[in-house]
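In my numbering, the protein residues as written are 112 to 651.
Note that beta-carbon positions come from the ideal geometry of N, C-alpha and C, so glycine has one too.
Structure record follows, encoded as structure tokens.
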């Protein structure tokens with residue numbers, strides 16, 4: 112009977128929308144499920160019955176009348192869009208930003224999941240909340256990762272890292288170019304001409320200090336003690352006069368002639384505004400003194416007394432750092448750097464704990480235009496346990512942007528780094544954005560322990576969902592490749608979880624429309640039933 116077809120259509124509608132409500136209910140129930148991916152229902156029409164049209168010819172727009180027989184569920188599709196990330200503060204809680212799935216193993220079978228609520232169990236294995244083993248690639252003792260086979264990730268929390276001998280100490284910064292100073296003497300009073308400061312061109316006989324004029328052939332001898340504490344082997348003299356065999360008649364002539372004789376003896380003389388200065392050209396403490404001026408001849412001058420305005424000092428700077436020997440024992444290395452000349456320094460190395468330096472204890476460090484000439488120096492020491500250790504002191508590292516200079520500014524030189532460490536005990540585990548599992552040890556060292564694996568699925572809708580929010584491979588999923596997060600263009604956020612991507616507003620809207628559709632299909636059935644009753648009543 113024709114009315115039965117409408118009743119069957121209504122029944123198919125009831126069944127279809129009941130299934131849609133089942134999907135909506137499941138979505139809403141999992142609104143707080145970590146990594147949950149919501150589903151949606153799509154409908155498709157059941158087959159149609161063709162009713163022939165009498166008299167329909169080839170020119171008619173249609174040859175039959177088609178009546179649909181109801182609806183069915185065409186597909187239930189999952190929405191794999193990214194869920195929001197929620198901060199948890201636990202470094203083993205992980206969330207994938209981008210594509211990919213975590214790989215978990217249950218009794219030898221690999222499954223795939225977006226839920227990253229992981230933790231370490233009593234045996235050190237990284238597991239999910241259901242106890243499934245998280246898969247990845249383990250690293251060897253040197254931190255090299257074997258990407259050949261997936262393994263259950265495990266951390267040995269009782270493990271240690273062996274010590275590493277210090278091979279390079281890197282020093283950077285600036286050495287003040289005026290660390291050491293020169294001994295400088297200055298005349299107590301200035302030479303004057305008619306009460307004004309004498310100039311270099313002033314004549315000796317015009318000086319207010321000259322009480323009796325000099326005549327040609329008078330000899331002025333500078334009584335001086337050299338920086339090394341000795342008197343000059345050859346007297347420092349000036350012969351007054353303008354003729355042959357004489358040295359001149361001006362203050363400048365006298366200063367220049369004294370300089371010519373004193374320069375090889377590490378002394379210089381100058382005059383500025385009538386004030387005479389005598390300076391040692393050897394840095395540091397010296398015995399330089401000006402004792403007076405002796406005159407042989409007619410002239411006479413009241414030569415000023417010289418005062419010390421700079422004693423002269425040998426300055427140094429010290430750097431210190433802790434280095435490690437072959438067995439991981441610590442030693443306090445001290446390097447004292449002493450300025451001997453403007454561009455020349457010496458160094459002296461020692462250990463506070465008395466370790467014996469067998470070579471490289473002392474040496475030179477030279478600069479040109481403020482830049483260090485040599486890039487490093489080596490020293491070898493013998494530790495108390497009998498092992499011999501060699502390390503390099505690197506003076507700057509251009510490749511790392513570290514400079515080592517000698518300029519006029521403040522000294523900032525210090526030991527910036529050293530590459531050794533003692534034995535370390537694991538104190539923490541961190542997971543980086545590329546999935547690297549790193550062990551943090553109490554010696555300050557960080558060592559790669561493993562890499563978390565992510566799976567890339569060719570067709571994610573082809574995965575079959577199983578209990579616990581897991582997916583397993585099926586023939587419809589296509590190829591599944593495992594690798595690192597950055598290879599998939601994704602990243603892993605430690606301390607976060609990916610929340611459900613269920614949109615409650617959309618689900619409630621779908622619930623309302625499903626309810627109305629269900630009610631409407633029920634009305635089709637009841638109305639068809641009433642029509643059947645009327646047809647049955649026709650026989651009365």
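Residues bridged to residue i by DSSP?
i           : result
residue 447 : 429, 459
residue 546 : DSSP lists no partner for residue 546.
residue 311 : The partner list for residue 311 (beta bridge, DSSP) is empty, contrary to what the question assumes.
residue 560 : Note: residue 560 sits in no beta bridge, so no partner.
residue 244 : 216, 238
residue 285 : 516
residue 154 : 184
residue 406 : 331
residue 278 : Beta-bridge pairing links residue 278 to no other residue.
Note the first and the last residue of the continuous beta strand (DSSP E) segment covering residue i.
i           : result
residue 206 : 205–208
residue 369 : Careful: residue 369 lies outside any beta strand (DSSP E), inside the alpha helix (DSSP H) at 362–373.
residue 188 : 182–189
residue 264 : Unbroken run through residue 264: none, as it is neither H nor E.
residue 347 : 347–350
residue 334 : 330–336
residue 143 : From DSSP, residue 143 is part of no beta strand (DSSP E); its letter is neither H nor E.
residue 504 : 499–506
residue 305 : Unbroken run through residue 305: none, as it is neither H nor E.
residue 490 : 487–493
residue 196 : 196–198
residue 229 : That residue, residue 229, is in no beta strand (DSSP E); it is neither H nor E in DSSP.
residue 422 : Careful: residue 422 lies outside any beta strand (DSSP E) and carries neither H nor E.
residue 566 : 565–568
residue 679 : Here the chain comprises residues numbered 112 to 651, so residue 679 is not present and cannot be evaluated.
For a test of the three-state rule: what should DSSP assign to residue i, helix, strand or coil?
i           : result
residue 523 : coil
residue 656 : Any question about residue 656 goes unanswered here, given that the chain covers just 112 to 651.
residue 513 : strand
residue 135 : helix
residue 396 : coil
residue 602 : strand
residue 472 : coil
residue 573 : helix
residue 611 : coil
residue 317 : helix
residue 249 : strand
residue 124 : helix
residue 452 : strand
residue 596 : helix
residue 116 : helix
residue 588 : helix
residue 129 : helix
residue 376 : helix
residue 650 : helix
What are the boundary residues of the alpha helix (DSSP H) that includes residue i?
i           : result
residue 638 : 615–647
Is the CB-CB distance between residue i and residue j below 8 Å?
i           : j           : result
residue 537 : residue 277 : no
residue 553 : residue 596 : no
residue 535 : residue 272 : yes
residue 374 : residue 294 : no
residue 413 : residue 322 : yes
residue 632 : residue 154 : no
residue 379 : residue 370 : yes
residue 567 : residue 599 : yes
residue 427 : residue 593 : no
residue 495 : residue 463 : no
residue 581 : residue 263 : no
residue 382 : residue 362 : yes
residue 522 : residue 287 : yes
residue 686 : residue 299 : Residue 686 lies beyond the range of the chain shown here (112 to 651); nothing can be said about it.
residue 194 : residue 610 : yes
residue 328 : residue 408 : yes
residue 386 : residue 297 : yes
residue 135 : residue 618 : yes
residue 231 : residue 203 : yes
residue 283 : residue 226 : no
Under 7 Å: does the beta carbon of residue i sit that close to some heavy atom of the ligand NAD?
i           : result
residue 149 : Annotation note on the ligand NAD: not contained in the displayed structure, which lists no ligands.
- Message: Whether or not the stretch 245–253 and the stretch 555–566 are in contact is what I'm after, with contact meaning three or more pairs of Cβ atoms, one per stretch, closer than 8 Å; do they touch?
- Response: Segments in contact, yes.
_Whether or not the stretch 461–470 and the stretch 487–494 are in contact is what I'm after, with contact meaning three or more pairs of Cβ atoms, one per stretch, closer than 8 Å; do they touch?_
The stretch 487–494 makes contact with the stretch 461–470: 3 or more CB pairs, one atom from each, lie closer than 8 Å.
| query | Pairing CB atoms from the stretch 614–630 with CB atoms from the stretch 121–139, are three or more of them under 8 Å? | reply | Touching, yes, given that three or more Cβ pairs across the two stretches are closer than 8 Å.
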